[in-house]
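Q: Here the protein sequences line up with chains A and B, keeping their order.
Residues in the first sequence are numbered consecutively from 1, following our numbering.
Residues in the second sequence are numbered consecutively from 1, following our numbering.
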Amino acid sequence: GIQVEQSPPDLILQEGANSTLRCNFSDSVNNLQWFHQNPWGQLINLFYIPSGTKQNGRLSATTVATERYSLLYISSSQTTDSGVYFCAVKAGGADGLTFGKGTHLIIQP
Amino acid sequence: DARVTQTPRHKVTEMGQEVTMRCQPILGHNTVFWYRQTMMQGLELLAYFRNRAPLDDSGMPKDRFSAEMPDATLATLKIQPSEPRDSAVYFCASGLVYEQFFGPGTRLTVL
């Protein structure tokens, strides 16, 4: 099946810093989503972005489907941005999402 | 504010007991998924339905797990008998075309 690799696995930043999270995938995809899992365990939809660029406030994402990667940008980090960020993809005829192992982000005040 | 709901949010049970988890998908969504999250395996797909018909349950241990969708507003995941290795967070998600939306999860602990 498709492989999804996220980097870095862990990231510790000071409040106000910017960060870039990367997701590489091993095959063509027709769905790519970024999620934030907050400290209470809830999976929050950030972006549905199989290709192109989207922005939502301090967050933006870019997927280059032809090169099989996606980037999530977080600017002016806040402590509430802490948690695990997952990239998940859907490939081929399957409907379920395949998740990466996530990037664990800690924003220190 | 449309969202996926799951009950119970937490469940502690003893090995051998039956466990039933419930999910109410977002109204109008025709595809419902069950995922499991563990420290070792991460998030993995167990089963999913479209228009209430089961399409894929290959991720589920068939001997003890069963998933059903008795109507469009209710999906269930049952474990019988439960084992300690089933301890995990079980998420339900629903979608219409591509994007999936997740419920808050059921945290299951089997002693």
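Every residue, glycine too, gets a C-beta built ideally from N, C-alpha and C.
Given the structure is predicted, the values throughout are model-derived calculations rather than measurements.
#1: If you measure beta-carbon to beta-carbon, which residues of the region 33-53 of chain A are closer than 9 Å to chain B?
#2: May I have a chain-ordered list of the beta strand (DSSP E) segments no shorter than 3 residues that lie completely inside the region 26-91 of chain A?
#3: Helix, strand or coil: how does DSSP classify D86(B) here?
#4: Give every residue of the same chain whose Cβ lies closer than 8 Å to the Cβ of Q108(A), excluding the five residues on either side of it in the sequence, and list them in chain order.
#5: In the region 25-58 of chain B, which residue ranges form an unbroken beta strand (DSSP E) of at least 3 residues, counting only runs that do not cross its ends?
#6: Is the shortest distance between the beta-carbon of Q24(B) and the beta-carbons of chain A less than 8 Å?
#7: Evaluate I49(A) with the Cβ neighbour count: other Cβ atoms within 10 Å of its Cβ, from every protein chain shown; 16 or more gives buried, anything less gives exposed.
#8: For chain A, is any of its Cβ atoms less than 8 Å away from the one on F102(B)?
#9: For L46(B), which of T38(B), M39(B), M40(B) and D57(B) has the nearest alpha-carbon?
#10: Short of 7 Å in beta carbon distance, which residues of its chain neighbour D27(A), apart from the five on each side in sequence? Order them along the chain.
#11: According to the neighbour-count rule (16 or more other Cβ atoms, all chains shown, within 10 Å of its Cβ), is H36(A) buried or exposed?
#12: Starting from A75(B), follow its DSSP beta bridges and name the residues at the other end.
#13: To the nearest whole angstrom, what separates the beta carbons of A72(B) and C92(B), a pair I think is in contact under 8 Å?
#14: Rounded to whole angstroms, what is the Cα-Cα separation between V97(B) and R3(B)?
#15: Inspect the CB distances between the region 94-102 of chain A and the region 39-58 of chain A and report whether three or more fall short of 8 Å.
#16: Based on the DSSP output, what are the partners of I12(A) in its beta bridges?
A: With the structure as the only source:
#1: Q33, F35, Q37, W40, G41, Q42, L43, I44, N45, Y48 and P50
#2: Within the region 26-91 of chain A, the complete beta strand (DSSP E) segments at least 3 residues long are 31-37, 43-48, 52-56, 59-64, 69-74 and 83-90, listed from N- to C-terminus.
#3: D86(B) falls in the helix class under three-state DSSP.
#4: I12, L13, Q14, E15 and T79
#5: 31-38, 42-50 and 53-56
#6: no
#7: buried
#8: yes
#9: Ranking the options by Cα distance to L46(B), first place goes to D57(B).
#10: I2 and A91
#11: buried
#12: DSSP, once it has assigned bridges, lists C23(B) as partnering A75(B).
#13: 14 Å between Cβ atoms; not a contact.
#14: 16 Å
#15: no
#16: I106(A)
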